[in-house]
Amino acid sequence: MRRSLAMLAATGLVLGAIAVPALAQSRDPAYAAARAAGQVGEKLDGYLGYVTPPAPALRAVVEDINIKRKAVYAEKAQANKATVEEYALTSGCLLIAQTKPGEKYQAPDGSWQTRGAGAPLRDSRCP
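Numbering (mature numbering (1 follows the signal peptide of the UniProt record, and there is no 0)), first residue to last: -24 to -1, 1 to 103.
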């Protein structure tokens, strides 16, 4: 599996998977506010997670983003002969790496961390 993940990352195929969901996320002020407030963060599995229990409106926004992410991951995985899980994990690694200081992300042990000035904690499976 590590070889497949490295191959996906090395060829840059994941970047297309990130672009579509990222575009949708940047347009929703509720998502941006929740991310800035530390209510949601990037998970290793390539999806957004809740750091604190969400209000129904925020839950709907995050679920919509995650549904769109999964659709892109499935399409890209099939086109590149990878599993959705492999593609999502590689995307999660890259999305966590792209977090900004102050944003939340899920560490390899499953705990929520706040990104500091340095690099986030990386899972050993990340390319």
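Cβ coordinates follow ideal geometry from the N, Cα and C atoms, glycine included.
These numbers come from a predicted model, not from an experiment.
Among the options, which residue has its Cα nearest to the Cα of residue i?
i	options	result
Ala36	Ala10, Leu71, Lys76	Ala10
Ala83	Asp99, Thr75, Gln74, Ala93	Asp99
Gly86	Asp4, Leu20, Ala13	Leu20
Expressed to the nearest angstrom, what Euclidean distance is found between the alpha-carbon atoms of residue i and residue j?
i	j	result
Pro103	Thr90	21 angstroms
Arg45	Trp88	21 angstroms
Tyr23	Asn42	6 angstroms
Cys69	Val60	14 angstroms
Ala12	Lys76	10 angstroms
Pro30	Gly17	12 angstroms
Ile72	Leu97	9 angstroms
Ala(-16)	Thr66	Its pLDDT being 49, under 50, Ala(-16) is placed unreliably in this model, and the value from its coordinates should be taken loosely. Near 7 angstroms, if we compare the C-alpha coordinates of Thr66 and Ala(-16).
So, with DSSP's three-state summary, where would you put residue i?
i	result
Leu24	strand
Gln82	strand
Thr90	strand
Strictly by DSSP, which residues pair up with residue i?
i	result
Val16	Tyr26
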